[in-house]
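S.K.: Structure provided below as structure tokens; questions to follow.
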Amino acid sequence: MYSEKVMDHFQNPRNVGEIENASGVGTVGNAKCGDIMRIFLDIDDDGIVRDAKFKTFGCGAAVATSSMATELVKGKTIQEALQVTNKAVMEALDGLPPVKVHCSLLAEEAIHAALWDYAEKHHIVIEGLKKPVDDISESEPQEEY
């Protein structure tokens, strides 16, 4: 069963769409389940995430985690956005069923991929940011879906 928050973010997703000339764009997928998530960030000159949008192809949990992830990074510094983990996304949604935890991992990786893109475009290094993976199924522990 999904929490009320998951259902709300699935049925009424926040921040759907694209940001034209985004500061950073991150796209990740999960080949096993077919979910693809793209997050767009607008980061100002002070390093604050002014806006975040997403486009996700996937299940309801993937849409909900994308929606919540964009809500969690808006208004944050780059370093604070980097600290938005899959656990933070799941907690903000009041949990996910175990077979949907990979959706929160997608959200975390999509944020990191967008921050990586931003860092590359601006020729900077973001402390603690590792090169993201394109397919999270390559980096996650093996589990049955």
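In the working numbering, the protein residues as written are 57 to 201. Quick reminder that beta carbons are idealized off the backbone N, C-alpha and C, glycines included.
By how many angstroms is the C-alpha of MET57 removed from the C-alpha of GLU74?
M.R.: Residue numbering aside, residue 74 sits at position 18 when the sequence shown is read from its first letter. Residue numbering aside, residue 57 sits at position 1 when the sequence shown is read from its first letter. If I take the Cα positions, the gap works out to 30 Å.
S.K.: Quick one: what's got a C-beta closer than 6 Å to PHE96's C-beta in the same chain, skipping five residues either side?
M.R.: On the sequence shown, residue 96 is found 40 positions in, with the first residue counted as 1. GLU74, ILE75, ALA78, VAL81, LYS109, listed in sequence order.
S.K.: According to DSSP, is ALA214 part of a helix, a strand, or is it coil?
M.R.: Not covered by the structure: residue 214. The range shown for the chain is 57 to 201.
S.K.: Under the three-state reduction of DSSP, which class applies to ASP64: helix, strand or coil?
M.R.: Taking the first residue of the sequence shown as position 1, residue 64 is located at position 8. It is helical.
S.K.: Take ALA118 and list the residues in its own chain whose beta-carbon comes closer than 7 Å to its own, dropping the five residues that flank it on each side.
M.R.: In the sequence shown, counting from the first residue as 1, residue 118 sits at position 62. Contacts found: ASP91, MET93, THR112, CYS159, LEU162.
S.K.: Looking at the structure shown, is THR141 part of a helix, part of a strand, or coil, going by DSSP?
M.R.: By one-based count along the sequence shown, residue 141 stands at place 85. Of the three classes helix, strand and coil, the one that applies to THR141 here is coil, per DSSP.
S.K.: Looking only at its own chain, which residues have a Cβ that is under 6 Å from the Cβ of ALA164, when we skip the five neighbours before and after it?
M.R.: As a position in the sequence shown, residue 164 is number 108, starting the count at 1. Contrary to the premise, residue 164 reads as Glu rather than Ala in this sequence. These residues qualify, in order along the chain: THR141, ASN142.
S.K.: Looking at the strands, I want to know which residues DSSP matches up with THR133.
M.R.: Along the sequence shown, one-based indexing puts residue 133 at 77. Beta-bridge pairing links THR133 to ILE104.
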